[in-house]
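Take a look at the structure set out below.
Numbering (this note's numbering), first residue to last: 519 to 809.
This is the structure:
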């Protein structure tokens with residue numbers, strides 16, 4: 519099994535260098551498809567899990583022997599040209615031919631009303647749909663925070679738009695005896711509905727999502743590895759508060775959680791804890807942070 523963290527690899531190699539210098543064996547047998555063609559997918563309900571409602575059909579990769587996936591860092595929170603970097607990442611990823619791609623959120627610029635949100639969503643999906651393999655999104659603050667005239671903020675802000683066009687806010691799936699869990703880190707304050715990442719009360723996992731997570735960890739008890747994805751690296755504490763401690767306890771108790779991936783801070787860092795690799799990614803189009 520191999521994992522490519524695109525926020526690191528593209529920043530270190532330069533996306534154009536990777537495309538020019540990477541040697542591709544067009545006759546490999548790792549995938550059962552011709553090079554440059556869309557991967558085979560299937561829609562096995564018993565491999566996909568969520569307690570949310572969403573009309574989006576996230577096609578799962580076919581289960582073959584090899585195992586290789588890519589993780590993309592934030593696309594937004596930087597200049598508009600970031601979409602060009604995303605296009606480069608998609609092109610280079612297609613050369614590598616992973617089983618699938620995961621994101622860690624901030625897919626669109628957001629902080630807007632529905633019309634602008636829909637336009638940005640269409641642009642992002644248009645680029646990502648050029649991937650030859652399936653891809654799986656995670657919601658970040660840019661994807662769900664709403665901005666507009668006072669008094670017109672919808673309940674949940676862009677939660678409904680996100681689930682209508684990207685995916686359930688939390689879900690999980692199985693692949694080759696491994697388990698992948700996407701969490702939602704912007705549920706907001708349960709009393710006021712406020713969404714922000716500057717207040718601990720707005721960065722707590724709801725009992726609904728936490729109970730679902732524990733159910734999924736039990737479901738994954740026989741998996742070789744469990745990988746968890748979310749946008750905010752809540753384990754860093756500070757403005758996130760200490761709510762992650764209960765989540766970390768559940769992950770440790772599961773005994774087979776290998777890594778947790780997040781984004782948001784626009785720089786790479788690693789914070790291993792109790793045998794779990796906590797990885798925060800840099801960006802794939804978003805502005806880089808050097809602090």
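Idealized CB from N, CA, C, for every residue including glycine. Note that the coordinates shown come from a computational prediction; the quantities given were computed from them, not determined experimentally.
Just confirm the distance between the C-beta atoms of residue i and residue j, as a whole number of angstroms; I'd bet it's less than 8 angstroms.
i	j	result
residue 649	residue 589	The pair is not a contact, with the Cβ atoms about 13 angstroms apart (cut-off 8 angstroms).
residue 623	residue 749	3 angstroms
residue 595	residue 756	Contact flag wrong, Cβ pair sits at about 18 angstroms.
residue 576	residue 566	7 angstroms
residue 708	residue 759	Wrong, their Cβ atoms sit about 14 angstroms apart, outside the cutoff.
residue 753	residue 789	6 angstroms
Hey, could you find the ends of the alpha helix (DSSP H) residue i is sitting in?
i	result
residue 698	It is not in any alpha helix (DSSP H) - residue 698 instead sits in the beta strand (DSSP E) that spans 696-700.
residue 725	725-737
residue 693	Residue 693 -> not in any alpha helix (DSSP H); beta strand (DSSP E) instead, spanning 689-693.
residue 772	762-772
residue 682	677-683
Sort the options by Cα distance to residue i and report the nearest one.
i	options	result
residue 655	792, 774, 763 and 578	578
residue 617	725, 664, 729 and 692	692
residue 635	674, 699, 646 and 664	664
residue 621	714, 604 and 571	604
residue 780	745, 790, 793 and 799	799
residue 769	739, 754, 598 and 716	739
residue 699	730, 793 and 764	730
residue 662	564, 702 and 775	702
Taking the beta strand (DSSP E) that residue i falls in, what are its first and last residues?
i	result
residue 660	Premise fails: residue 660 lies in the alpha helix (DSSP H), 659-662, not in any beta strand (DSSP E).
residue 574	No beta strand (DSSP E) holds residue 574; DSSP gives it neither H nor E.
residue 795	795-798
residue 611	First-last for residue 611: 600-614, but that is the alpha helix (DSSP H), not the beta strand (DSSP E).
residue 705	Counting along the chain, residue 705 falls outside any beta strand (DSSP E), and DSSP gives it neither H nor E.
residue 743	743-747
residue 780	775-780
Provide the residue(s) that pair with residue i in DSSP beta bridges, ordered along the chain.
i	result
residue 635	According to DSSP, which records beta bridges pairwise, residue 635 is partnered with nothing at all.
residue 671	Bridge partners of residue 671: none, in fact.
residue 622	Answer is none; residue 622 lacks a bridge partner.
residue 791	794
residue 714	Looking at the DSSP assignment, residue 714 forms no beta bridge with any residue, so it has no partner.
I'd like to know whether the C-beta of residue i is nearer than 9 angstroms to at least one C-beta of chain C.
i	result
residue 579	No chain C appears in this structure, which consists of one protein chain only.
> Would you say the stretch 668-687 touches the stretch 629-639, given that touching needs at least three Cβ pairs under 8 angstroms?
Replying inline: The stretch 668-687 vs the stretch 629-639: in contact.
> Hey, is the stretch 672-681 in contact with the stretch 725-745, meaning 3+ C-beta pairs nearer than 8 angstroms?
Replying inline: no
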